[in-house]
Each structure stands twice: as C-alpha cells, then as structure tokens.
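The UniProt record's numbering applies: residue 1 is where the sequence shown begins, and numbers increase by one. Note that beta-carbon positions come from the ideal geometry of N, C-alpha and C, so glycine has one too. Right, one structure below, let's go through it.
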Amino acid sequence: MGACNHTPKEGAYHLRGVVTNEKLEGRTIYLRDAIGGVVRYDSTTVSEGRFVFNGKVTAPQVRELFIQETDSDRFPVTLPVVLEPGEINAKIGDIVLVEGTGLNEEMMQTLMALDEFRGRDFTGKEINEIKEAFGGFVLEQIVKHAGSPVGNYLYEAYQNKLSENQQTEARKTLGIG
C-alpha cells in the first residue's frame, strides 16, 4: 500500500476547499477571472462540505472562487486565490481564507490588511479624506507587492480607488503602460 503523496507535478496545483455554510452544499463553485468575473475557467460541486480543483499553470495566476447560496443570491461569496504549483487550501464559511503556498499567504496578508483598514474609525473625517487615505493605503500595498501577481491584482481590482497620480505611480512601479 503506497503512501498518499500529494507532491505536485511540475506546474500542477491542487486546490482543496472546505465549506462550512450548509446552505452551500450541492452548489456549484466556480474558479473564474478575478477581475470582472466574466470568464469561468473551471467549476465543481460542493459535496460533503468539500470541493477540489486540480490543474496546471505555467506562471502564477490570480483567480477568484465564486459561489452563491441561490441562483439569485445578490451577495455571493468570493475569494481571490493565486493558482501556483503546490497544495492550496481554502475555507469558505464564517471565515474565508486561502493558504498553503507562498503567494496565497501573501494574498491573505494583503486581504487582511485591507479589512483592517476598512475597520478603522473614521469618525469626524470627510469622505474625501477617507478616499485619499484608502488610495494611499492601496498604493502602498501595490508597491509592497510589486514583484508578485498580488501587486498586479491589487492594481486591477482597486485602480478606480486611486487618484490619477497614484495610478501613474502604480503603473510605473508595476512596469505597465
């Protein structure tokens, strides 16, 4: 009897997920484009609170896990995930997280930092001050993660929150346009 060895083949990822929300049992979970969500790359069904995606990548790619309680659910659960070679673990429920590979750890740290920023007390601040502070925070995160797909994802996902000057700086930092 051989040992269960999940050492990934070259370029292979193994994404395993646990879903703790019972309303999602039997629902389809999609692996889709992280920006816009138009392109669906893969799908599977949640069975016994679990789901699995396997595939190969030639370079790390940011995708999004997407699942709805009902077909008309206006507030689906979404989770950015970096597809890269290795064992990737996701949890969807009261806590939503992804871990197991370096870039996914980086993504989670960044998402947690965004949540922490949103949780700040902005009492007495003008809306423009808050927007400016958020734009500055996002730019700081883009610069911090400029060498990885996480930085590019942040720019694509939040560029509309950046001022023109911040967008220019972010593009220069990322080496795009």
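- Leaving aside the five residues that flank glycine 17 on each side, the residues in its chain whose CB is nearer than 6 Å to its CB run, in chain order, Phe51, Ala90.
- Annotation: the continuous beta strand (DSSP E) that includes glycine 55 extends over 50-56.
- By the Cβ-count criterion, glutamate 129 is exposed, with fewer than 16 other Cβ atoms from all chains shown falling within 10 Å of its own Cβ.
- Taking C-beta separations shorter than 7 Å and ignoring five residues to either side along the sequence, the partners of valine 77 in its chain run Ile67, Ile92, Val96, following chain order.
- The distance from the Cβ of histidine 14 to that of glutamate 116 is about 30 Å, inconsistent with a contact at the 8 Å cut-off.
- Judged by beta-carbon spacing, valine 138 lies beyond the 8 Å limit of tyrosine 153, meaning their Cβ atoms are not closer than that value.
- Taking the C-beta atoms as reference points, threonine 110 is found no nearer than 8 Å to valine 57.
- For aspartate 94, the CB contacts under 7 Å within the same chain, skipping 5 residues up- and downstream, are Thr20 in chain order.
- Take the alpha-carbon of asparagine 54 and the one of glutamate 126: they are about 47 Å apart.
- Nearest in C-alpha terms to proline 85, of all of Gln61, Gly147, Thr173, Ala133, is Gln61.
- In this structure serine 43 touches threonine 28 by the C-beta definition: roughly 5 Å separates them, less than 8 Å.
- Between phenylalanine 134 and lysine 161, the gap from beta carbon to beta carbon is short of 8 Å.
- The three-state reading of DSSP puts threonine 70 in coil, since its state is none of H, G, I, E or B.
- Partner residues in a beta bridge of leucine 111, as assigned by DSSP, do not exist.
- Glutamate 22 and aspartate 71 have their alpha carbons spaced roughly 16 Å apart.
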